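In UniProt numbering, the protein residues as written are 1 to 397.
C-beta atoms are modelled at their ideal positions from N, C-alpha and C, and glycine is treated no differently.
Owing to the predicted nature of the structure, the values given are computational and were not obtained by experimental measurement.
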Amino acid sequence: MSSLRARLQTAPRKIPKSGFVTLEKVEEEKLPNYDPHNFYPVRIGEIFASKYQVASKLAYDTSSTTWLCRDIQGKAFFAIKICKPSPPIENELAISKHLDKADTSYDGRKYALYVLHSFEICAPDDTPFCCLVYPPFGINYTRFRSGLPDAKLPKEYAQRLIQFVLFSLDFMHHNHVIHTNVSANTILQGIVDYKTLARLDYYRSKHPAARKVSDDHDIYFSRAMPPCNSMPLLSDLGEARMGRCKHRGNIMSGIYPAPEVILDMEWDSKVDIWSIGTTLWTLVEGDNLFSAKKNGILNDEQHLAELVAIMGPPPMEFLRRSKKCQRFWDEQGTWKGSIPISAQSLEMREKHLAGEDKELFLNLLRKIFRWLPEERPTAEELVWDGFLMQGVDISIL
């Protein structure tokens, strides 16, 4: 019997270390410098703060994930962004509190997305994470327009959208907040009604999200809100600035900076007006007005050369505001950069409008694209611009 038992026993199985299929990277794993320890390992169905049950993953970015959560104590849904504590997060919380206490008489308040409240959780390894609670929101307009012909919005849609964003900026500026990051990336489709969210939640509960399962955590595939016809929300206050004084420092990354930012000058709320111009162009034309790149790399001289081509040479009053200008213009204000000024203009670049539409559109952009920030209109003034007011029945206002 003992010999039979010995024959039946086998040595421990050696597990192969190669030759099997490796799953492709998905979602946040695809990000440069991805580190799983920077992301809280959320599980669908998990309950936070004894109140918010995770229903589905909405989105991810370089340092956070955002989830649609059901309030199990009430009849509501919320979006919760989960991230590690950082200066931008602290800044967004401070500005959200400031705006929450601000004058409620401004209509633009309802078009700004800010944090309702926040709480902290810890990962299994005791790493702390912040949870920022927002009203539910839809996809951003970069994603929305990517599904449209030529990636551009119908003119009437773009006009109304920009007007609502201007209402939001007017509210912020009157309360001494500068957004600094207005673009199609930070304009979101607005709050979806409860019944729609409840139906969506029920459907998704019956059709679970795809996920990649690993030893220590699962990575869920994002399931964004479906496009909806609701009021827009201006989001992302992490880089906003607060206060009555002028500011200095880098803001508006990539191709978006206003000229005073590129040239290390003081700046104020008029940088947001500049962003309205670049965003409106993108929405109407389907591409960016400025590339700001030389050999595929962001380059200040290239950006400035494009600005001169579009706006003409800057006035001496502007050039005297920063020593950095001496690198690109001589004492008479003549361009001396190595990159030649191309022969282009707003009229030449605009391809999709005609007649009065084109004339009003370009007139609006000429008001915005000014070297001297103080010559740009305020958000309140721009709301009533002729191009944006096309098709609006002023008798009902």
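task = Report all residues from its chain with a CB closer than 6 Å to the CB of Tyr-106; omit the five preceding and five following residues, and keep chain order.
result = Phe-171
| 8 Å contact criterion, which Cys-130 and Ile-89 should meet: CB distance rounded | 6 Å
Consider the Cβ of Ile-251: report whether some Cβ of chain B lies at a distance smaller than 8 Å. No chain B appears in the structure shown, which is made up of a single protein chain.
- Three-state secondary structure (DSSP) at Thr-65? strand
How many Å lie between Pro-157 and Gln-326 at the Cα? Reading the sequence as shown, one finds Tyr at residue 157 and not Pro. Each residue's alpha carbon lies about 42 Å from the other.
Sufficient close CB pairs (3 or more, under 8 Å) joining the stretch 243-250 to the stretch 352-369: no
* Asked: Would you report the Cα separation of Leu-298 and Pro-32, rounded to the nearest angstrom?
  -> 18 Å
- Name the residue from Leu-234, Trp-335, Lys-101, Val-308 whose alpha carbon lies nearest to the alpha carbon of Asn-181. Leu-234
Would the stretch 200-212 and the stretch 273-280 be scored as touching if the rule is three or more Cβ pairs under 8 Å?
-> no
Does DSSP put Pro-36 in a helix, in a strand, or in coil?
helix
Checklist entry - Taking buried to mean at least 16 other C-beta atoms within 10 Å of its own C-beta, is Met-252 buried or exposed? => result buried
Requested in this report: Output the boundary residues of the alpha helix (DSSP H) element that contains Ile-262.
Outcome: 259-262
Taking Cβ positions, are Asp-71 and Tyr-52 nearer each other than 8 Å?
yes
field: Sub-8 Å separation of Gln-302 and Ala-292 beta-carbons
entry: yes
Q. Which residue's Cα is closest to the Cα of Cys-228: Pro-136, Phe-221, Gly-286?
A. Pro-136
Review point. Can you name, in chain order, every residue of its own chain whose Cβ lies under 7 Å from the Cβ of Ile-255, other than the five neighbours on each side?
Key: Asn-288, Phe-290, Ser-291, Ala-292
Report the start-end ranges of each alpha helix (DSSP H) in the stretch 72-123 that is 4 residues or longer and not cut off at the edges.
87-100
For this session: Tell me whether the beta-carbon of Val-177 lies closer than 8 Å to the beta-carbon of His-117.
Result: no
Leaving aside the five residues before and after Arg-321 along the sequence, list all residues of the same chain whose C-beta is less than 7 Å from its C-beta, in chain order. Met-265
Residue from His-37, Leu-153, Lys-75, Ser-183 whose Cα sits closest to the Cα of Lys-84:
His-37
- request: Closer than 7 Å by C-beta to residue 401: which residues in its own chain qualify, once you throw out the five before and the five after it? Chain order, please.
  value: As displayed, the chain neither begins before 1 nor continues past 397, which places residue 401 out of reach and without an answer.
Practice prompt. Along the beta strand (DSSP E) that carries Tyr-220, what are the first and last residues, could you check?
Written response: 218-220
_Cβ distance (whole Å) where Tyr-141 is taken to contact Ile-187 below 8 Å_ = 5 Å
Pull up the distance between the alpha-carbon of Ala-343 and that of Glu-27, whole angstroms please.
-> 42 Å
| Contact between the stretch 330-339 and the stretch 277-285: three or more CB pairs below 8 Å? | no
Alpha carbon of Val-392 to alpha carbon of Gly-386, nearest angstrom: 10 Å
Skipping 5 residues on each side, what residues in its chain have a beta carbon closer than 8 Å to that of Val-261? Asn-250, Ile-251, Met-252, Trp-267, Val-271
| task | For Pro-314, collect the residues of the same chain with a Cβ closer than 6 Å to its Cβ; drop the 5 residues on either side in sequence, then sort them by chain order. | result | Trp-371
### Message
Starting from residue 400, trace the alpha helix (DSSP H) in both directions and tell me its first and last residue.
### Response
Any answer about residue 400 is impossible in this case: the structure gives the chain only from 1 up to 397.
* To do: Taking only heavy atoms of the ligand ADP into account, decide whether any of them is closer than 7 Å to the Cβ of Gly-386.
  => Annotation note on the ligand ADP: not contained in the displayed structure, which lists no ligands.
Note to self: Under DSSP, the alpha helix (DSSP H) around Tyr-256 begins and ends at which residues?
What the structure shows: Careful: Tyr-256 lies outside any alpha helix (DSSP H) and carries neither H nor E.
ask   = Start and end of the alpha helix (DSSP H) containing Arg-199?
value = 194-206
inquiry  = Need the endpoints of the beta strand (DSSP E) that Gln-302 sits in, please.
reply    = It is not in any beta strand (DSSP E) - Gln-302 instead sits in the alpha helix (DSSP H) that spans 300-311.
Review point. Quick one: what does DSSP say Asn-140 is sitting in, helix, strand or coil?
Key: strand
**Backbone secondary structure at Cys-228 - three-state DSSP** = coil
- Query: Contact check, Leu-283 vs Leu-113 under 8 Å by CB: the rounded distance?
  - Reply: Wrong, their Cβ atoms sit about 19 Å apart, outside the cutoff.
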